[in-house]
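Take a look at the structure below.
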Amino acid sequence: MQASHQPPPMPAEQPQRLPRGGRIVNDFSIQVATVNGSGSQTANLVLMRSIFQMGVPVSGKNLFPSNIQGLPTWFTIRANRDGYIARKKEIDFLVAMNPESAREDVLALPPGAAVLYDEPLQLTGLRSDLHYYAAPFDRLVAPVCPEAKLRKLVRNMIYVGILAELLGIDPEQIRKALYKQFGERKKKAADLNWGAVQAGIDYARSNLPKTDPYFIEPMDRTAGKLVIEGNTAAALGCMFAGMTVCTWYPITPSSSLAEALMAFMERFRRDPETGKATYAIVQAEDELASIGMAVGAGWAGARAMTCTSGPGISLMSEFVGLAYFAEIPVVIIDVQRVGPSTGLPTRTMQGDTLKNAVLSHGDTRHPILFPSCPEECFTMAIDAFDLAEQFQTPVFINMDLDLGMNLWMSDPLPYPDKPMQRGKVLTAEDLERLGGFARYRDVDGDGVGWRTLPGTPHPKAAYFTRGTGHTEQATYSEKPEDWIRNIDRIARKFETLRKHLPPPAQFLAAGARIGLVGAGTSRYAMEESRDQLSREAGIEASWMRLTAYPFPPELEAFIEQHERVYVIDQNRDAQLLGLMRLDLPAHCIAKLRSVRYYGGLPLDARTVTEQILAQEVQG
Amino acid sequence: MSSTPATPPKVNRIGLDLAPYRGSKTTLCAGCGHNAITERLIEAYWELGIEPWSVAKLSGIGCSSKTPAYFLNQAHGFNGVHGRAPTTATGALLANHRLRAVVVSGDGDTASIGIGHFVHMLRRNVPLVYIVENNGVYGLTKGQFSATADLGAKLKSGAVNPLHPIDVCLLGIELGASFVARSFSGDKRQLSAILKAAIAHNGLAVIDVISPCVTFNDHEGSTKSYAYMKDHDEPLHEVDFIPFFADIEVDYEEGESRMVELHDGSKLLLHKLERDYDPSNRIHALEVLHEAARRGEVLTGIIYLETNRPTFTEILGLCDEPLALLPQERVRPPREALEQINEEFR
Chain A
52 MQASHQPPPM
62 PAEQPQRLPR
72 GGRIVNDFSI
82 QVATVNGSGS
92 QTANLVLMRS
102 IFQMGVPVSG
112 KNLFPSNIQG
122 LPTWFTIRAN
132 RDGYIARKKE
142 IDFLVAMNPE
152 SAREDVLALP
162 PGAAVLYDEP
172 LQLTGLRSDL
182 HYYAAPFDRL
192 VAPVCPEAKL
202 RKLVRNMIYV
212 GILAELLGID
222 PEQIRKALYK
232 QFGERKKKAA
242 DLNWGAVQAG
252 IDYARSNLPK
262 TDPYFIEPMD
272 RTAGKLVIEG
282 NTAAALGCMF
292 AGMTVCTWYP
302 ITPSSSLAEA
312 LMAFMERFRR
322 DPETGKATYA
332 IVQAEDELAS
342 IGMAVGAGWA
352 GARAMTCTSG
362 PGISLMSEFV
372 GLAYFAEIPV
382 VIIDVQRVGP
392 STGLPTRTMQ
402 GDTLKNAVLS
412 HGDTRHPILF
422 PSCPEECFTM
432 AIDAFDLAEQ
442 FQTPVFINMD
452 LDLGMNLWMS
462 DPLPYPDKPM
472 QRGKVLTAED
482 LERLGGFARY
492 RDVDGDGVGW
502 RTLPGTPHPK
512 AAYFTRGTGH
522 TEQATYSEKP
532 EDWIRNIDRI
542 ARKFETLRKH
552 LPPPAQFLAA
562 GARIGLVGAG
572 TSRYAMEESR
582 DQLSREAGIE
592 ASWMRLTAYP
602 FPPELEAFIE
612 QHERVYVIDQ
622 NRDAQLLGLM
632 RLDLPAHCIA
642 KLRSVRYYGG
652 LPLDARTVTE
662 QILAQEVQG
Chain B
327 MSSTPATPPK
337 VNRIGLDLAP
347 YRGSKTTLCA
357 GCGHNAITER
367 LIEAYWELGI
377 EPWSVAKLSG
387 IGCSSKTPAY
397 FLNQAHGFNG
407 VHGRAPTTAT
417 GALLANHRLR
427 AVVVSGDGDT
437 ASIGIGHFVH
447 MLRRNVPLVY
457 IVENNGVYGL
467 TKGQFSATAD
477 LGAKLKSGAV
487 NPLHPIDVCL
497 LGIELGASFV
507 ARSFSGDKRQ
517 LSAILKAAIA
527 HNGLAVIDVI
537 SPCVTFNDHE
547 GSTKSYAYMK
557 DHDEPLHEVD
567 FIPFFADIEV
577 DYEEGESRMV
587 ELHDGSKLLL
597 HKLERDYDPS
607 NRIHALEVLH
617 EAARRGEVLT
627 GIIYLETNRP
637 TFTEILGLCD
647 EPLALLPQER
657 VRPPREALEQ
667 INEEFR
């Protein structure tokens, strides 16, 4: 052990990582390595929440295997006083509970990191440049948890207690977080776990003198904020969008979205008088069926959706083409994971950018929304239902596993400020007045025809929906001129839609010669990398965060303002950049450079910064 | 239906003549069994006096799937993707459970590419009429065997089918359809009665209709030809349908006929032929189908009927109004609800 003395206290405003012996306050990452299925999730959430409750910006990343029990799993918490919440590449404090991964985990640490480990693992011999803390977890848990079979779960709370003592986390905040986590009904379990936390605190106090520099101190940067998963926020968005039909098939990482939706709808969308449901949620037999049912429901006038991930999207391809061509509203939420094939089903990727933009055969284009935080998962779900019905077309929401399944700090979800946009639907009264209609005629010049819903009580209401060539009156046609007129009108519709998408976010740095462009969860690494480039290399950079496809006119202007623009992709093949190439003029394309990460972990700023610096040096 | 030009067109109980029940001109081959089924559907909906706009017609891909364009031109139709009409129809009914949905499918659509959806639709007892226009062959792609082709059946080319067929009626009974029937496109009387009963039924009605393909499967050696059906059609009973609005006293002799009352008050009379057949006995229904298959007979009639099985939309506990038509105040929870939720995540 190198740094065995107690570090002198330093002011909390001290910037950056200090040389050994300094104090590093509210700027470090903790990684808890456990065995999947050992019940560490509760302990980790309590730890994360208590830091959040102390007012310190925090993010939590759950790195889990495609397995129910037995394989290694890691939970990483990053506390950052400046509000950077991307994954931090370096781990500063490791909690090594898993014999299988402990050795590798310790060897991967940067010098000066701290390790709390289960005593029998005997890790001190591996390296001499770390701060080690050993605790006999089995011996500590026995007295606080008389029931032997519960000990496996409860022992995790002991590391929470030890960390609280070592890092200076307020035990009262831990108690609050713990009781919130267990809820009213599980008070007994909460008491048991609270006992374990206290045992950890007591043990650390008497046996583990502090040698590492990491401290949590109270701040005021989380007041009023929520801690919520993207999938939960998206589900809430669907509920407040007035979704009426959701048909889905279980797939990681989107299942928890559908499950959250079921729970909320059960609470808030039953008729108060009759107890009957104002929605239908159906677990279909496969993704072909889930999209098929959603398309059928959209055709018949429901606000219909499905949620899935890459493999499901692949199966939905044919139906999405039908919905595009027959002009049927449907919302498809894609919580992306690593592919191709089964890939890394529990790891994150933005791998469906290109695919979703042009899904299915023939000439197809689909709008995509790219939420980057829970609040946008919520608002964009509402946008998506409005857009789908206004433009009578499938609308994708591209989330990813990082956004969907990890916990994020979020501003409160905002109540929708505009009424539901149900699009162009003719009622029996309208038909009576108009004397009829032509389903696919562009009467308003925006490319969008008027539709009627099945069951509309009027002899002129019906039209025939088909995936084959059709005329403005929806009759069958194989004539080239009918085909071209129709497919061109649908393209016009897409151009109208471009003006109705949520605007991009951008930051223009004075004198910046380079720009960064990213979408979705890339924003966190992108924004932090911008600051790293400025601070560490003196390179000023602007950024633009895309929120939707088709891309906004602002993108072209942004590229024109910069000499080089780095497009950040969480995939091997630079899909976002590729999609930009399809849409942008040549002088813009020439300025594009690529930054890519595709290892399956949430994107970190260091990776982005290093790739940009390497290319900047080359010129 | 025959009338002299001088008399006004005959109207049904809601005052409509046949025109709104008809569709565009068929583009199928002359003599195709499917056209006869289309005719029976037109008659059935007209005779029952069903508002054409209340019907939704759905189909997949194939010759059979084209037929929704040929009847009920005042009903919405949806010709979707191959084999997946059970999904679009289920979705449409979730959106609006008041729709009277009819799916017209074929043997390729139902028994091959779409069998996954077919069996799950059975399991759910989705309330719709599901017609399989079964000719044992792929017509639109010019004559390949389908999965309902019988063992030993011959293609025009002489190729012999080496595989056992899938019997959609057996599947239907086994997996949860509450109305399972088989008929023959050439048996006008029986098919007509079965279709009307299926429309009146509350639940999933699967009707497997042997419907010969005159172009690719009506030759010697085919087991789905007109000639084969003439020799092998084995009716279980004679079927009579008496609609709820018919002003006639139903009179039948116990032991000679069975009477079943349907959801809307219509009555089904099954007159005994060689034996008394009870269509509510699931095990027996499976038995007679297996026996008939062994004898090489095509059993027709209402093979299985369960009048009180909960339908999928009932199981889901949907509110009375169609989901598609609910106004914003019923589908967007109030501001206080979101405030409460936000508080829970703080």
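Residue numbers (the working numbering), protein chains in the order written: chain A, 52 to 670; chain B, 327 to 672.
A virtual CB, placed ideally from N, CA and C, is assigned to each residue, including glycine.
8 Å Cβ cutoff, residue i in contact with chain B
{"i": "aspartate 322(A)", "result": "yes"}
{"i": "histidine 509(A)", "result": "yes"}
{"i": "lysine 327(A)", "result": "yes"}
{"i": "valine 371(A)", "result": "no"}
{"i": "aspartate 655(A)", "result": "no"}
{"i": "proline 108(A)", "result": "no"}
{"i": "threonine 262(A)", "result": "no"}
{"i": "arginine 517(A)", "result": "yes"}
{"i": "methionine 471(A)", "result": "yes"}
Alpha-carbon to alpha-carbon, residue j and residue i
{"i": "lysine 336(B)", "j": "alanine 524(B)", "result": "24 Å"}
{"i": "glycine 246(A)", "j": "threonine 359(A)", "result": "41 Å"}
{"i": "proline 171(A)", "j": "serine 411(A)", "result": "56 Å"}
{"i": "serine 548(B)", "j": "alanine 345(B)", "result": "36 Å"}
{"i": "valine 455(B)", "j": "leucine 420(B)", "result": "15 Å"}
{"i": "glycine 589(A)", "j": "arginine 615(A)", "result": "16 Å"}
{"i": "leucine 477(B)", "j": "leucine 425(B)", "result": "39 Å"}
{"i": "asparagine 607(B)", "j": "threonine 357(A)", "result": "39 Å"}
{"i": "aspartate 559(B)", "j": "glycine 622(B)", "result": "10 Å"}
{"i": "proline 660(B)", "j": "glutamine 666(B)", "result": "10 Å"}
{"i": "leucine 501(B)", "j": "aspartate 534(B)", "result": "15 Å"}
{"i": "serine 461(A)", "j": "glycine 529(B)", "result": "47 Å"}
{"i": "aspartate 337(A)", "j": "aspartate 590(B)", "result": "34 Å"}
{"i": "alanine 507(B)", "j": "histidine 610(B)", "result": "14 Å"}
{"i": "threonine 273(A)", "j": "arginine 100(A)", "result": "11 Å"}
{"i": "proline 362(A)", "j": "asparagine 451(B)", "result": "29 Å"}
Whether residue i touches residue j by CB criterion (8 Å)
{"i": "methionine 290(A)", "j": "phenylalanine 315(A)", "result": "yes"}
{"i": "tyrosine 514(A)", "j": "histidine 402(B)", "result": "yes"}
{"i": "proline 304(A)", "j": "glycine 455(A)", "result": "yes"}
{"i": "glycine 417(B)", "j": "alanine 355(A)", "result": "yes"}
{"i": "threonine 507(A)", "j": "tryptophan 379(B)", "result": "yes"}
{"i": "glycine 90(A)", "j": "lysine 203(A)", "result": "yes"}
{"i": "isoleucine 674(A)", "j": "serine 573(A)", "result": "Any question about residue 674(A) goes unanswered here, given that chain A covers just 52 to 670."}
{"i": "serine 80(A)", "j": "isoleucine 128(A)", "result": "yes"}
{"i": "threonine 658(A)", "j": "phenylalanine 421(A)", "result": "no"}
{"i": "leucine 174(A)", "j": "valine 146(A)", "result": "no"}
{"i": "serine 592(B)", "j": "phenylalanine 570(B)", "result": "yes"}
{"i": "leucine 312(A)", "j": "isoleucine 332(A)", "result": "yes"}
{"i": "glycine 281(A)", "j": "glycine 251(A)", "result": "no"}
Neighbour flag for residue i against chain A, beta carbons, 8 Å
{"i": "tryptophan 372(B)", "result": "no"}
{"i": "isoleucine 667(B)", "result": "yes"}
{"i": "serine 380(B)", "result": "yes"}
{"i": "arginine 608(B)", "result": "no"}
{"i": "glycine 406(B)", "result": "yes"}
{"i": "proline 569(B)", "result": "no"}
{"i": "glutamate 575(B)", "result": "no"}
{"i": "asparagine 454(B)", "result": "Checking the sequence shown, residue 454(B) turns out to be leucine, not asparagine. No, no contact with chain A."}
{"i": "histidine 402(B)", "result": "yes"}
{"i": "methionine 327(B)", "result": "Per-residue confidence for methionine 327(B) stands at a pLDDT of 47, beneath the threshold of 50, marking its modelled position as unreliable; the derived number appears in the next sentence. Chain A contact via Cβ: absent."}
Residue i CB to nearest heavy atom of the ligand SAH below 7 Å
{"i": "threonine 658(A)", "result": "With respect to the ligand SAH, the structure offers nothing, as it holds no ligand at all."}
Discussion item. Would you call the stretch 427–443 of chain B in contact with the stretch 396–416 of chain B, where contact means no fewer than 3 C-beta pairs closer than 8 Å?
Written reply: yes
Discussion item. Assess contact between the stretch 395–410 of chain A and the stretch 445–452 of chain A, defined as three or more Cβ pairs (one per stretch) separated by less than 8 Å. Is contact present?
Written reply: yes
Worksheet entry | Members of the stretch 335–359 of chain A that neighbour chain B once the beta carbon cut-off is set at 9 Å | Ala335, Glu336, Asp337, Leu339, Ala340, Ser341, Ile342, Gly343, Met344, Ala345, Val346, Gly347, Ala348, Gly349, Trp350, Ala351, Gly352, Ala353, Arg354, Ala355
Item to complete: Could you list the residues in the stretch 294–318 of chain A with a C-beta less than 7 Å from some C-beta on chain B, going in chain order?
Response: Thr295, Val296, Thr298
Fill in: Touching by the beta-carbon criterion (3+ pairs, under 8 Å), the stretch 385–393 of chain A and the stretch 541–557 of chain A
no
Item to complete: Note down, in chain order, all residues in the stretch 451–468 of chain A with a beta-carbon under 9 Å from any beta-carbon belonging to chain B.
Response: Ser461, Pro463, Leu464, Pro465, Tyr466, Pro467
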